[in-house]
Amino acid sequence: MTGLVPAPDFDLGLTLGSGQVFHWTQVGREWHGVIGATAVRVEQRGDELRVTPGTEALVARYFALDHPLAAIRAGFPADAYSQAALASCGGLRIMRQPRWECVATFLTSAMKQVAHIRAISLELRRKFGEPVAGSRVRAYPAAERLAEVSERRLRACGLGFRAPHLRAAAGMVASGEIDLEALAGLGTAELRTELCRLPGVGRKIANCALLFAYERLEAVPVDVWIARVLRGMRGEASLAELEAYSAERFGPYAGYVQQYLFHHARVSKSLPGE
DNA sequence: ACCCAGGGGCAAG
DNA sequence: CTTGCCCATGGG
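Remember, my numbering sits 726 above the position in the first sequence when you count from 1.
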């Protein structure tokens, strides 16, 4: 018995491998992971997903299969590099992630390579996450749990200087000082300001959360890769100027453009103007 | 050995 | 309001 989910304009492997989430594992043709506290197995067959029975609606929402991808792609910038990114990223979607999991994961991503962010995520899950029936990987540890873990034990997961940040941020969320769910009602600028109150969360990581967990598809996280790409388009500029440039030039789905550029730059190992 | 990684915080200009 | 420097750790 297998659940079926229609999934036009979607590439499961590409989406899971584009640096948005870090805990999914490919097993043959299947991808195994958890969405929140639910075990999910997904296999793509053309324009259809075969999923764990009962998770159809959850999967469709998580992978944002309702995003108007044709319209989003039609609005991409006309320059050669953006068009090359567009052509190489067919079916890549911006997912809807659980809020705390997204904020915490990107908090631990500062100055880390994608492979190591994954290792940290899996280690935190293994040591502090709740078991999920039917899944080898555990749920991302709740803020309440991480807030009570010693800095020493967090550092043992390879967190380095991020350990006290994660612990303190978890404490603020666990105490209710910051309500990540209630924040969803705020406008984007106010929401970003609130997220930046969390230790270890600055402009870039807040923008990751806005884009990947709050459906603010206009948000553009400017990391070292995107900075290189944008400088190739615009010339030398500060990070703030680069973000403003992308907002102005990429439009209401700037976050999508950013994600395609990020993935294309990493895979093609090329930059605009080369 | 050496360089870099999906940055943030803080002090100094 | 900007820039410079340090913060740990692992992979290429």
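Ideal placement from N, C-alpha and C gives every residue a C-beta, glycine not left out.
Touch test, the segment 913-921 against the segment 930-938, Cβ-Cβ under 8 Å, three pairs minimum: Yes, since at least three Cβ pairs between the segment 913-921 and the segment 930-938 fall closer than 8 Å, the two stretches touch.
Same chain, Cβ closer than 7 Å to residue 953, five either side skipped, listed in chain order: In its chain, beyond the 5 residues on either side, 965 and 968 have a beta carbon closer than 7 Å to the beta carbon of residue 953.
For residue 752, the first and last residue of its enclosing beta strand (DSSP E): Boundaries of the beta strand (DSSP E) harbouring residue 752: 751-753, taken from the DSSP string.
Cutoff 6 Å; reference residue 870; Cβ partners in own chain excluding five residues on either side: Cβ neighbours of residue 870 beyond the five flanking positions: 900.
Those residues which DSSP pairs with residue 831 across a bridge: In the DSSP secondary-structure assignment, residue 831 is not bridged to any residue.
Neighbour-count burial assignment, residue 840, 16 or more Cβ in a 10 Å radius: Residue 840 comes out exposed.
Same chain, Cβ closer than 6 Å to residue 761, five either side skipped, listed in chain order: Within the same chain, residue 761 has close Cβ partners 784 and 788.
Integer Cβ distance of residue 963 from residue 940, believed to fall under 8 Å: That belief does not hold up - the Cβ atoms of residue 963 and residue 940 are roughly 26 Å apart, past 8 Å.
Three-state secondary structure assigned by DSSP to residue 732: Under the three-state reduction of DSSP, residue 732 is assigned to strand.
Rounded straight-line distance, which links the Cα of residue 769 to that of residue 743: Rounded to the nearest angstrom, the two C-alpha atoms are 15 Å apart.
For residue 776, the three-state DSSP class (helix, strand or coil): Under the three-state reduction of DSSP output, residue 776 falls in the strand class.
Check whether residue 979 and residue 943 have beta carbons under 8 Å apart: In contact: residue 979 and residue 943 (Cβ atoms closer than 8 Å).
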